[in-house]
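Chemist: Structure in structure tokens, see below.
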Ligand code: BGC
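Quick look at the structure:
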């Protein structure tokens, strides 16, 4: 929870001066996108299974500090803790820790550390480390070093944790002492990357400090009088050959360190604060009436900002850069959960997430060919650099909906920003290439319905089924969007149209086939129950015996063979219910209520991606208490460790789902082909809440209290939307309107 990051570097919240039993803590530093590859070995092979796993590597721990007083190491072995406090300030972006130790013999020292990973400097982190002699005068030694003998977590019984690799993954490639610290270079065995890790240190605070090199770092010694403080500033830089050419790795480490040393810790802290002030001015959500939830919401937003890659080459992993759960892989979590948060809060980051998908098109084309599709592109279910890394295909590759999820995010981007330049340059090619997969895998049945067989929908407790409702409905949206993009390009930008159509060999017959498939799409519906069926077979399965399932058997995936789960009516997460949100205009409210009622009874929410979606639909269909309850489950999921696995990293999709719960849920915001709308409600416990959205070139602030909703245009020319169906128009001349609650 105290992990720091800047979308590239991720440092777990472990202490600089770690001591204690080996294994008592989980040390980790990660670089978004920096990975090793390993062949996946299947005891029983099959054609086309994912062959290569890409996994995020634990990189050298450059935050290590060690303190000794009169030669005695300060740590749990030889000292006791008198007081301890740690805090992470979301406005400063600095992790602060103060600990007072009493050594054997009664000498007391206070250690104060302030640590930051620079939002504005991709490669840089820094630590201010202050040691004060409280009740004595003595010789003090502080060592600042790099621990480069790091390893990844080993896979155990939980399929969500650990990698197959054992022992150190990074091979030494050189070491250079610089007079201020050290630069260590290493290389990966298989993925062929070079990594440079460097530190530069300086001490101050007392006269007569002696500095010298020590193992992988720098040592500072001074004799402190009682009350005196020795301060060490340690600047850290990580650069890999994923970022720059190999020969530039070490020079960039050096120059980033030089610049940081020259500017100093105070300047880095000021930059950090300025970056965050700008972020919160756009993204802050205020909640009055529940401090625990307020903290949860901001904590989640802050972690999303720390975790998200923003260079077009990286994305956001399921656990961000905070832990090794899911091996640093990127999933659909990005497009369906995280993307809308950034789109409405910091659109330039949303755009770079789409650029990442554009960069992945060649690999997605290759994957489509491996899967016997003669045309088009199929995105990997889980990946870092574009390879399909999903070794268990029923809950992996079979989730073809990833293609529609990516298209959905591009459609939302276009609706929110109107940026058709981006579509012409990048988006169209993605949407058109990925749409082709649907006519590739679908076929017409005897009744003339277009069917998509043998896929898995979002719910991973139901696998390899025919006509998953979510997949079919999203494929339909996808093909219709692709056809409309083709039309618009052709009429508005004929040159771009020619270029794209020629590059991918797209003709009119194919576009007509999309429209036809969409019109004839099979969308399972059960007339008797009046609900959308999750797939062709879902309702004929045996209901799961929830009454006789002990609490300790959840999550089910850790206690039952997949086939046992697949044979039952039981869901891990929102599936049809998610379609109700994403394709909101295609359903009547009564349909939504019936679907909610049915699927709520069969859903375990074993996936952290589920509760937020149920919260949003509960709010929409008028179940205020349920909406609040599901929201609570999402908003403090990591703070309260409710899934009991936060130690492997935070749950970024759920974190973004919290924001969705406020905007889409309580405030009823939807952006669809029909325009922008709000239908705010105020949870009974709250006095007021407010949030901001970037939309249609403006920044809109929405404030909901007991009597009314205030809409304020903070910047932008004009904005039109509806409030509970009533039209609202804001302009520079009239930037604020207060609308009565319903
Ligand atoms: C969920 C998937 C999700 C993945 C990574 C799984 O437990 O079922 O929907 O993409 O976690 O967050």
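In full-length UniProt numbering, the protein residues as written are 1 to 742.
Glycine residues also receive a C-beta, built at the ideal position from the N, C-alpha and C atoms.
Under the assumption that residue 434 contacts residue 377 (Cβ atoms under 8 Å), give the Cβ distance between them as a whole number of angstroms.
Modeler: As a first step, residue 434 is located in the chain shown; it is residue number 434 there, counting from the start. As a first step, residue 377 is located in the chain shown; it is residue number 377 there, counting from the start. That belief holds up - the Cβ atoms of residue 434 and residue 377 are roughly 5 Å apart, short of 8 Å.
Chemist: Check the C-beta distance from residue 384 over to residue 56 and give it rounded, since I have them as a contact under 8 Å.
Modeler: Stepping through the chain shown from its first residue, residue 384 is reached at position 384. Stepping through the chain shown from its first residue, residue 56 is reached at position 56. Going by Cβ atoms, the distance from residue 384 to residue 56 rounds to 7 Å, so yes, they are a contact pair.
Chemist: Would you check if there are 3 or more beta carbon pairs closer than 8 Å linking the region 315 to 333 to the region 635 to 654?
Modeler: Touching, per the Cβ criterion.
Chemist: Quick test of your reading: residue 628 and residue 683, contact by CB under 8 Å. State the CB separation rounded to the nearest angstrom.
Modeler: Within the chain shown, residue 628 is the residue found at index 628, counting from 1. Within the chain shown, residue 683 is the residue found at index 683, counting from 1. So it is a contact: roughly 5 Å between Cβ atoms.
Chemist: Would DSSP call residue 634 helix, strand or coil?
Modeler: Taking the first residue of the chain shown as position 1, residue 634 is located at position 634. Residue 634 falls in the helix class under three-state DSSP.
Chemist: Taking the CB atoms as reference points, tell me whether residue 67 and residue 140 lie closer together than 9 Å.
Modeler: The count along the chain shown starts at 1 and reaches residue 67 at position 67. The count along the chain shown starts at 1 and reaches residue 140 at position 140. Result yes, Cβ atoms of residue 67 and residue 140 sit closer than 9 Å.
Chemist: Please indicate yes or no: does the CB of residue 572 lie closer than 8 Å to some heavy atom of the ligand BGC?
Modeler: Here residue 572 refers to the residue found at position 572 of the chain shown. Yes, the beta carbon of residue 572 sits closer than 8 Å to at least one heavy atom of the ligand BGC.
Chemist: Using CA coordinates, which residue listed in 596, 608, 508 and 403 is at the minimum distance from residue 474?
Modeler: Within the chain shown, the letter at position 474 stands for residue 474. Closest option to residue 474, Cα to Cα, is 403.
Chemist: Contact check, residue 604 vs residue 635 under 8 Å by CB: the rounded distance?
Modeler: Counting from one through the chain shown, the residue named residue 604 turns up at place 604. Counting from one through the chain shown, the residue named residue 635 turns up at place 635. Their Cβ separation, rounded to whole angstroms, is 19 Å, which puts residue 604 and residue 635 out of contact at 8 Å.
Chemist: For a test of the three-state rule: what should DSSP assign to residue 743, helix, strand or coil?
Modeler: Only positions 1 to 742 of the chain appear in this structure, which leaves residue 743 out of reach.
Chemist: In chain order, which continuous runs of the beta strand (DSSP E) of length 3 or greater are located wholly inside the region 9 to 75?
Modeler: Listed in chain order, the complete beta strand (DSSP E) runs (minimum 3 residues) inside the region 9 to 75 are 9 to 11, 29 to 31, 35 to 39, 52 to 56 and 65 to 69.
Chemist: Using the Cα positions of residue 98 and residue 81, report the straight-line distance between them to the nearest angstrom.
Modeler: In the chain shown, residue 98 corresponds to position 98, counting from 1. In the chain shown, residue 81 corresponds to position 81, counting from 1. Going by the C-alpha atoms only, they are around 11 Å apart.
Chemist: What residue range is occupied by the uninterrupted alpha helix (DSSP H) comprising residue 580?
Modeler: Translated into positions along the chain shown, residue 580 becomes position 580. Its alpha helix (DSSP H) spans residues 576 to 582.
Chemist: So, is residue 237 buried or exposed, given that buried needs 16 or more other C-beta atoms within 10 angstroms?
Modeler: Along the chain shown, one-based indexing puts residue 237 at 237. Classification for residue 237: buried.
Chemist: Are there 16 or more other CB atoms within 10 angstroms of the CB of residue 471, so buried, or fewer, so exposed?
Modeler: Locating residue 471 in the chain shown gives position 471, where the first residue counts as 1. The residue is buried, with at least 16 neighbouring Cβ atoms inside 10 Å.
Chemist: By Cβ distance below 8 Å, which residues in the same chain neighbour residue 638 in space, the five residues on each side in sequence not counted?
Modeler: If you number the chain shown from 1, residue 638 lands on position 638. Contacts found: 1, 299, 300, 303, 646, 650, 651, 654 and 655.
Chemist: How many Å lie between residue 86 and residue 10 at the Cα?
Modeler: Position 86 of the chain shown, counted from the first residue, corresponds to residue 86. Position 10 of the chain shown, counted from the first residue, corresponds to residue 10. Cα to Cα, residue 86 sits roughly 18 Å from residue 10.
Chemist: What residues match up with residue 700 in a beta bridge as DSSP calls it?
Modeler: Residue mapping note: residue 700 aligns to position 700 of the chain shown, counting from 1. According to DSSP, residue 700 bridges with 693 and 713.
Chemist: Considering just the uninterrupted stretch of the beta strand (DSSP E) at residue 203, what are its terminal residues?
Modeler: For the purposes of this step, residue 203 is identified with residue 203 of the chain shown, where counting begins at 1. Segment 194 to 204, the beta strand (DSSP E) holding residue 203.
Chemist: Compare the beta carbon distance of residue 121 and residue 259 with 9 Å and say whether it is the shorter of the two.
Modeler: The residue you call residue 121 lines up with position 121 of the chain shown. The residue you call residue 259 lines up with position 259 of the chain shown. Yes, they are a contact pair.
Chemist: Note down, in chain order, each residue of its chain lying with its Cβ closer than 6 Å to the Cβ of residue 289, except the 5 sequence neighbours on either side.
Modeler: Counting from 1 along the chain shown, the entry for residue 289 is found at position 289. For residue 289, where only same-chain residues beyond five positions count, the Cβ hits under 6 Å are 685, 686 and 687.
Chemist: Determine which residues share a DSSP beta bridge with residue 739 and list them.
Modeler: Numbered from 1 along the chain shown, position 739 holds the residue referred to as residue 739. Looking at the DSSP assignment, residue 739 forms a beta bridge with 709.
Chemist: By DSSP, does residue 329 sit in helix, in strand, or in coil?
Modeler: Translated into positions along the chain shown, residue 329 becomes position 329. It is coil, neither helix nor strand.
Chemist: At a cut-off of 8 Å, is residue 200 close to the ligand BGC when judged by its beta-carbon and the heavy atoms of the ligand?
Modeler: One-based indexing of the chain shown puts residue 200 at position 200. Result no, Cβ not under 8 Å from the ligand BGC.
Chemist: So, are the CB atoms of residue 224 and residue 132 less than 9 Å apart?
Modeler: Mapped onto the chain shown, residue 224 falls at position 224. Mapped onto the chain shown, residue 132 falls at position 132. Yes, the pair counts as a contact, with Cβ atoms nearer than the cut-off.
Chemist: Expressed to the nearest angstrom, what Euclidean distance is found between the alpha-carbon atoms of residue 596 and residue 92?
Modeler: Translated into positions along the chain shown, residue 596 becomes position 596. Translated into positions along the chain shown, residue 92 becomes position 92. Computed Cα separation, rounded: 41 Å.
Chemist: Within 10 Å of its beta-carbon, does residue 345 have 16 or more other beta-carbons around it, so buried, or fewer, so exposed?
Modeler: Translated into the one-based positions of the chain shown, residue 345 becomes position 345. Result: buried.
Chemist: Using 8 Å as the cut-off, classify the Cβ of residue 609 as near or not near the heavy atoms of the ligand BGC, replying yes or no.
Modeler: Counted from its first residue, the chain shown places residue 609 at position 609. Residue 609 Cβ: within cutoff of the ligand BGC.
Chemist: Is it the case that the region 461 to 469 contacts the region 526 to 542, given that we only count it when at least three CB pairs across the two stretches are under 8 Å?
Modeler: Short answer: they touch.
Chemist: What would DSSP say about residue 471, mapped onto helix, strand or coil?
Modeler: Here residue 471 refers to the residue found at position 471 when the chain shown is read from its first residue. It is helical.
Chemist: I'd like the span of the beta strand (DSSP E) that includes residue 450, first residue to last.
Modeler: As a first step, residue 450 must be located in the chain shown, where it is residue number 450. 450 to 452 is the span of the beta strand (DSSP E), which, as asked, contains residue 450.
Chemist: Mapping DSSP to helix, strand and coil, what is residue 727?
Modeler: Here residue 727 refers to the residue found at position 727 of the chain shown. If DSSP states are grouped into helix, strand and coil, residue 727 belongs with the strands.
Chemist: Give me, in chain order, the residues of the same chain whose beta-carbon lies closer than 7 Å to that of residue 679; leave out the 5 immediate sequence neighbours on both sides.
Modeler: Position 679 of the chain shown holds residue 679. Correct list, in chain order: 668 and 724.
Chemist: With residue 657 as the anchor, note down where its alpha helix (DSSP H) starts and where it stops.
Modeler: In the chain shown, counting from the first residue as 1, residue 657 sits at position 657. Residue 657 -> alpha helix (DSSP H) spans 652 to 660.
Chemist: Using a Cβ-Cβ cutoff of less than 6 Å, which residues in the same chain neighbour residue 337 once the five nearest sequence positions on both sides are dropped?
Modeler: Mapped onto the chain shown, residue 337 falls at position 337. Answer for residue 337: 653, 656 and 657, listed in chain order.
Chemist: Start and end of the beta strand (DSSP E) containing residue 214?
Modeler: The sequence position of residue 214 within the chain shown is 214, counting from 1. Looking at the DSSP string, the run of the beta strand (DSSP E) that includes residue 214 is 210 to 214.
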